[in-house]
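In the working numbering, the protein residues as written are 1 to 88. A virtual CB, placed ideally from N, CA and C, is assigned to each residue, including glycine. Notes follow the structure.
This is the structure in structure tokens:
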């Protein structure tokens, strides 16, 4: 699993509590990244949440990481949105 590290100045308490994400379908590396991000964020008390279109069961099956799916109207409450597995 990838390890993420940030400069010390960025490791202070943050107002970011809910991070939404979108994963490009059929991108194995993107799925692995989701798992690493889930772990990194949860260690900091931040929730990673996906929209209803995410392949939650596939992510959980292939990575072992549980991901919460939200209704579209709840995604507007995200503090930050990540897009994983794009074309570059």
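Buried versus exposed, by CB contacts within 10 Å (16 or more), residue i
i	result
residue 78	buried
residue 34	buried
Identified DSSP bridge partners for residue i
i	result
residue 18	47
residue 69	50
residue 76	Note: residue 76 sits in no beta bridge, so no partner.
The alpha helix (DSSP H) enclosing residue i, as first and last residue numbers
i	result
residue 83	Residue 83 -> not in any alpha helix (DSSP H); beta strand (DSSP E) instead, spanning 80-84.
residue 35	28-42
residue 62	56-63
8 Å Cβ cutoff met for residue i and residue j
i	j	result
residue 19	residue 84	no
residue 50	residue 67	yes
residue 41	residue 48	yes
residue 46	residue 74	no
Among the options, the one whose alpha carbon lies nearest that of residue i
i	options	result
residue 28	71, 60, 74	60
residue 65	73, 71, 56	56
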